[in-house]
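This report concerns only the one structure given below.
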Amino acid sequence: MTTVHPQTDPGPATLPGLDEDARRWLADARAQAAAQAPGWELRFAEAGRRCGPGHADAARVLLLADARPSPATVTRLYRQGTAAERRAVLLALDGLDPHAVHGVPLLQDALRTNDTSLLAAAVGPYAARHLDAHTWRHAVLKCLFTGVSVDVVAALAARARGDGELLRMLRAYAAERTAAGRPVPDDLYHVLALTKEER
Numbered sequence: 010m011t012t013v014h015p016q017t018d019p020g021p022a023t024l025p026g027l028d029e030d031a032r033r034w035l036a037d038a039r040a041q042a043a044a045q046a047p048g049w050e051l052r053f054a055e056a057g058r059r060c061g062p063g064h065a066d067a068a069r070v071l072l073l074a075d076a077r078p079s080p081a082t083v084t085r086l087y088r089q090g091t092a093a094e095r096r097a098v099l100l101a102l103d104g105l106d107p108h109a110v111h112g113v114p115l116l117q118d119a120l121r122t123n124d125t126s127l128l129a130a131a132v133g134p135y136a137a138r139h140l141d142a143h144t145w146r147h148a149v150l151k152c153l154f155t156g157v158s159v160d161v162v163a164a165l166a167a168r169a170r171g172d173g174e175l176l177r178m179l180r181a182y183a184a185e186r187t188a189a190g191r192p193v194p195d196d197l198y199h200v201l202a203l204t205k206e207e208r
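Each residue of the sequence shown is one higher than the one before, counting from 10 in the working numbering.
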């Protein structure tokens, strides 16, 4: 899975391995998206087939960045999309409008799933900026529950530092695992150490 940040990604040249047909298709699709031409949303949906699963996330994020869709369109693409399409919407949120909060319900929806690819996409820079403390803490715990590496949690050190409530939650989870005879994830100790640092 390719992860890109649309605000800094210059274009198709960042998608190595695309064959010539896929490059042409992506260039045409991006032009349609930039013009918000009818049908650009179909290009968004078919990006996986046209560009291959290894490039689908990046291609879709680029299309969203070019289209600059309204919040209502972003929400519809997420709600009506496949898991892969929803993941791309989540990855694109910070680049579309890093200061808007309309994407928070989409993050909350993704955090309720057990799809690890959606969880990983939902804890990026947009989440670091907009999730309230309670939801963010539970997102970190959800990563630990499901085996998603905390390395993907944007601004983890900054938000975890000195967080006494997260410290309490981590200790409770570790105690629960130990009592059940199950291993405590290494990532938990990493986050635990961060919570003990002073702000």
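All C-beta atoms, glycine included, are put in the ideal place defined by N, C-alpha and C.
It should be emphasised that the depicted structure is a prediction, and the values quoted were computed from it without experimental measurement.
Backbone secondary structure at residue i - three-state DSSP
i	result
aspartate 18	Note that aspartate 18 has pLDDT 38, beneath the 50 cutoff, so the model's placement of it is unreliable and no number is given.
alanine 163	coil
glutamate 207	coil
leucine 26	The question names leucine, but residue 26 in the sequence shown is glycine. Three-state DSSP puts glycine 26 in coil, outside helix and strand.
glutamine 45	coil
histidine 143	helix
threonine 11	A caution first: threonine 11 carries a pLDDT of 36, below 50, which makes its placement in the model unreliable, though a value can still be read off. In the structure shown, threonine 11 sits in coil (DSSP, three-state: anything other than H, G, I, E or B).
proline 192	coil
aspartate 172	coil
Residue i burial status per 10 Å Cβ neighbour count (16 or more: buried)
i	result
tyrosine 87	buried
aspartate 66	buried
glutamate 50	buried
alanine 204	First, the amino acid is wrong: residue 204 is threonine here, not alanine. By the neighbour-count rule (16 or more Cβ atoms within 10 Å), threonine 204 is buried.
glutamine 41	buried
histidine 64	buried
phenylalanine 53	buried
valine 200	buried
alanine 166	exposed
tyrosine 198	exposed
alanine 101	buried
Within-8 angstroms CB hit, residue i to chain C
i	result
threonine 91	Of the chains in the structure shown, none is chain C; there is only one protein chain.
Best match in the options for proximity to residue i [C-alpha to C-alpha]
i	options	result
arginine 32	Leu100, Ala56, Ala109	Ala56
alanine 81	Val113, Ala36, Arg52	Val113
arginine 138	Leu150, Val110, Asp118	Val110
lysine 128	Gly173, Val98, Arg69, Arg168	Sequence inspection shows leucine at residue 128; the lysine mentioned does not correspond to that position. Cα-wise, what sits closest to leucine 128 is Val98.
leucine 35	Ala46, Leu179, Asp172, Cys60	Cys60
glutamate 94	Leu72, Pro107, Arg77	Leu72
aspartate 103	Ala131, Thr125, Gln117	Ala131
serine 79	Arg96, Arg69, Leu105, Pro62	Leu105
leucine 153	Ala74, Gly173, Glu185, Thr91	Glu185
The ligand MN heavy atom lying under 7 angstroms from the CB of residue i
i	result
leucine 73	No copy of the ligand MN occurs in the structure displayed, which carries no ligand at all.
Is the stretch 155 to 164 touching the stretch 177 to 192 in the sense that three or more CB pairs, one from each, lie closer than 8 angstroms?
-> no
Where are the alpha helix (DSSP H) runs, 4 residues long or more, that stay fully inside the stretch 62 to 130, in chain order?
-> 62 to 76, 80 to 89, 92 to 105, 113 to 120, 125 to 130
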